[in-house]
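Before any comments, here is the structure.
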Amino acid sequence: MTGFADRALIAERKIRELFPPTPLQRNDHLSARYGADIWLKREDLSPVRSYKLRGASNAMRKVLAASPGQSLFVCASAGNHAQGVAFAARHFGVRAVIFMPVTTPQQKVDKTRIFGGDAIEIRMVGDYFDDTLAAAQAYCAEAGGHFLAPFNDVDVIEGQAAVAVEMLDQMPEPPDLVVLPVGGGGLSAGVRMYLAERAPATELRFVEPAGGASLRAALAVGHPLSLSKVDSFVDGAAVARVGDITFEALADVPIGHVVVAPEDRICVTILDMLNVEGIVLEPAGALSVDALVDLAGEIRGKRVVCVTSGGNFDFERLPEVKERAQRFSGLKKYLLLRLPQRPGALRDFLEILGPDDDIARFEYLKKSARNFGTVLIGIETRSPENFERLFARLAEKGFSYSDVTEDESVAEFIL
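Here the working numbering is used: the first residue of the sequence shown is 62, the next is one more, and so on.
Have a look at this one:
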């Protein structure tokens, strides 16, 4: 019986039939910012713009080797796993039925169809992923297919480990630290198991979105558990429960080695990488880079690899990403302003604004029976300190207001 590292090496060689190694690139911008030697393992440049093709193709290959007559594969996914399964099905000449939630963005549905062509059938079922998954598993059992799990599968984990195989081949010596995004844990488990055998001195740090920190929750109690609530913004990593199989490989990770990244801060990182480097990352793909803020004190002077796990970003989301980034950076705030219902009151308020303050949203309905009306106003500025001066001037002029920038109900309405 070969060891895990040997099986990962075989998987990596077989994956070469589908696509060449993804680049490992030194990033001067991040290296200068953090005083470290920072490299990006660009999984966003795979044929399906994520690492998911590795695990899907390795699992499909091994199933076909063990059962040559197996011709039907089934999966449930709203994104990168679906695209990986579609690409692999066309490559191996088998049929795949891919279940996706009805709420899946059309861009992801179209890309899955492009990668799979005639080899796949897409079925849109359920408003929520749990309903989609149940329908896919029921169909799979009825039709005699093989269900391809997105992460909780030993062959998928083995395929994802090919990321680490390539990384070590592309470097003269192993890095000091590797930063990995975590969703269900397939990539993290595979890379950790491979490096444990082939580069045991390399340290690992793991990153989860704050609204889906299922690994950290599992480590706290010693076993996987389902989160009661998940923020789906980081859709490629917002997983309610880390996999049972993947957790076996991660169970002894020190909880302090898991970084929790706020969703709004991830938006700042997405925009930074896009505007400065021209690199398009989806929210999950930006996790490892975003975590450098938290790791700054321990990475200085070290060689660090960040795995940018995916680049399937729908640019229709860009306004929301910009909005959230501005709010996190303190460059945009929303106020509920009590405004006297008299001529000239609005002009009085406008005269309080500074030269760098800009009104981005203004909603007001005059109510003739009242002396005051409430205005929802959004203000953008160039420096967070400008708001301190604005609030001081509002108080000086006697304006009553409430800062509702962090109010979740207001945010849901605005976004």
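Note that CB positions come from ideal geometry on N, CA and C, so glycine has one too.
**Prompt:** Beta-carbon separation of L241 and V252 under 7 Å?
**Reply:** Yes.
**Asked** Whose CA, out of P445, K290, A126, L400, lies closest to the CA of S463?
**Response** If we check each option's Cα against that of S463, L400 comes out closest.
**Message:** Let me make sure I understand the geometry here. Which of A352, G358, D375 has the alpha-carbon closest to that of V341?
**Reply:** In this structure, D375 is the residue among A352, G358, D375 with its C-alpha nearest to the C-alpha of V341.
**Request:** With DSSP as the reference, please indicate the residues paired to F433 in a beta bridge.
**Result:** Under the DSSP definition of a beta bridge, F433 partners with P401.
**Message:** Alpha carbons only, please: which of P108, D98, A97, Q131 is nearest the one belonging to G372?
**Reply:** Minimum Cα-Cα distance from G372 among the listed residues P108, D98, A97, Q131 corresponds to P108.
**Request:** Report the residue ranges of all alpha helix (DSSP H) runs contained in full by the stretch 264-294; include only those spanning at least 4 residues, in chain order.
**Result:** Runs of the alpha helix (DSSP H) inside the stretch 264-294: 275-282.
**Request:** On the DSSP bridge assignment, give the partners of M185 in chain order.
**Result:** The beta-bridge partner set that DSSP reports for M185 consists of M161.
**For P242, the first and last residue of its enclosing beta strand (DSSP E)** = Where P242 is concerned, the enclosing beta strand (DSSP E) stretches over 238-242.
**Prompt:** Looking at the unbroken beta strand (DSSP E) that takes in V135, where does it start and where does it end?
**Reply:** Unbroken beta strand (DSSP E) run through V135: 133-137.
**Message:** Can you tell me where the beta strand (DSSP E) holding F423 begins and where it ends?
**Reply:** Counting along the chain, the unbroken beta strand (DSSP E) around F423 starts and ends at 419-424.
**Message:** Please state the DSSP three-state secondary structure of L85.
**Reply:** Shown here, L85 sits in a strand according to DSSP, grouped into three states.
**Asked** Nearest CA to the CA of E449: which residue from L356, L392, G140?
**Response** The option with the nearest alpha carbon to E449 is L392.
**Asked** Identify the residues that DSSP records as bridge partners of D464: which are they?
**Response** DSSP lists L396 as partners of D464.
**Asked** Per DSSP, what kind of secondary structure is I413 in: helix, strand or coil?
**Response** When secondary structure is reduced to three states using DSSP, I413 falls in the coil class, being assigned neither helix nor strand.
**Request:** Would you kindly check if the distance between the Cβ of P323 and the Cβ of V303 is under 7 Å?
**Result:** Not closer than 7 Å, so no.
**Request:** State buried or exposed for Q167, treating a residue as buried only when at least 16 other CB atoms are found within 10 Å of its CB.
**Result:** When all chains shown are included, Q167 counts as exposed.
**Prompt:** Quick one: Cα of A257 to Cα of V224, how far?
**Reply:** The alpha-carbon of A257 is positioned some 14 Å away from that of V224.
**Message:** Residues in the same chain with beta-carbon distance under 7 Å from G140, minus the five sequence neighbours each way, listed in chain order, please.
**Reply:** Within the same chain, K169, D296, G297, N373 come within 7 Å of G140 by CB-CB distance, once the 5 residues on both sides are set aside.
**Prompt:** Is the stretch 259-267 touching the stretch 200-212 in the sense that three or more CB pairs, one from each, lie closer than 8 Å?
**Reply:** Not touching, per the Cβ criterion.
**Item:** Cross-strand partners of R253 (DSSP beta bridge)
**Value:** Note: R253 sits in no beta bridge, so no partner.
**CB contact check: L79 to chain D, cutoff 7 Å** = Of the protein chains in this structure there is only one, and it is not chain D.
**Asked** Looking at C-alpha atoms only, which residue of F474, A222, G154 is the closest neighbour of F64?
**Response** It should be noted that the sequence gives Gly, not Phe, for residue 64. Ranked by how close their Cα comes to the Cα of G64, the residues F474, A222, G154 have A222 in first place.
**Asked** Do the CB positions of V217 and G244 come within less than 7 Å of each other?
**Response** The answer is no: Cβ separation not under 7 Å.
**the stretch 124-142 / the stretch 349-362 touching (three or more Cβ pairs under 8 Å)** = No, because fewer than three Cβ pairs between the stretch 124-142 and the stretch 349-362 fall closer than 8 Å, the two stretches do not touch.
**Item:** Simplified DSSP state of G358, which is helix, strand or coil
**Value:** Of the three classes helix, strand and coil, the one that applies to G358 here is helix, per DSSP.
**Request:** Round the Cβ separation of V215 and E73 to the nearest angstrom and send it over; I've been treating them as touching at under 8 Å.
**Result:** About 16 Å separates the beta carbon of V215 from that of E73, a gap too long to meet the 8 Å contact definition.
**Message:** With a threshold of 8 Å on Cβ separation, who are the neighbours of V337 within its own chain once the five nearest residues in sequence on each side are excluded?
**Reply:** Beyond the five residues adjoining it in sequence on each side, V337 comes within less than 8 Å, by CB distance, of H90 in the same chain, given in chain order.
**Request:** Throw me the rounded Cβ distance for the N88 and W100 pair, which I believe falls under 8 Å.
**Result:** Between N88 and W100 a beta carbon distance of about 7 Å is seen, short of the 8 Å cut, so the two are scored as contacting.
**Prompt:** Are V477 and A97 touching if we call contact CB-CB under 7 Å?
**Reply:** Outside the shown range of the chain, which is 62 to 476, sits residue 477, and nothing can be said about it.
**Request:** Name the one or two DSSP bridge partners that I438 has.
**Result:** Paired residues: L396, F423.
**Message:** Taking its Cβ as the centre, do 16 or more other Cβ atoms sit within 10 Å of Y189, making it buried, or is it exposed?
**Reply:** Its Cβ having fewer than 16 others within 10 Å, Y189 is exposed.
**Asked** If we count the other Cβ atoms within 10 Å of its Cβ and call it buried at 16 or more, is L194 buried or exposed?
**Response** Residue environment for L194: buried (at least 16 other C-beta atoms within 10 angstroms of its C-beta).
**Asked** Are the CB atoms of I306 and L280 nearer to each other than 7 Å?
**Response** Against a cut-off of 7 Å, the Cβ pair of L280 and I306 comes out as no contact.
**Prompt:** According to DSSP, is K102 helix, strand or coil?
**Reply:** DSSP places K102 in strand when its eight states are reduced to three.
**Prompt:** Secondary structure at F474, three-state DSSP: helix, strand or coil?
**Reply:** F474 falls in the helix class under three-state DSSP.
**Message:** Let me check understanding here. Comparing Cα to Cα, which of F460, V319, F148, A312 lies closest to L414?
**Reply:** A check of alpha carbon separations from L414 across F460, V319, F148, A312 identifies F460 as the nearest.
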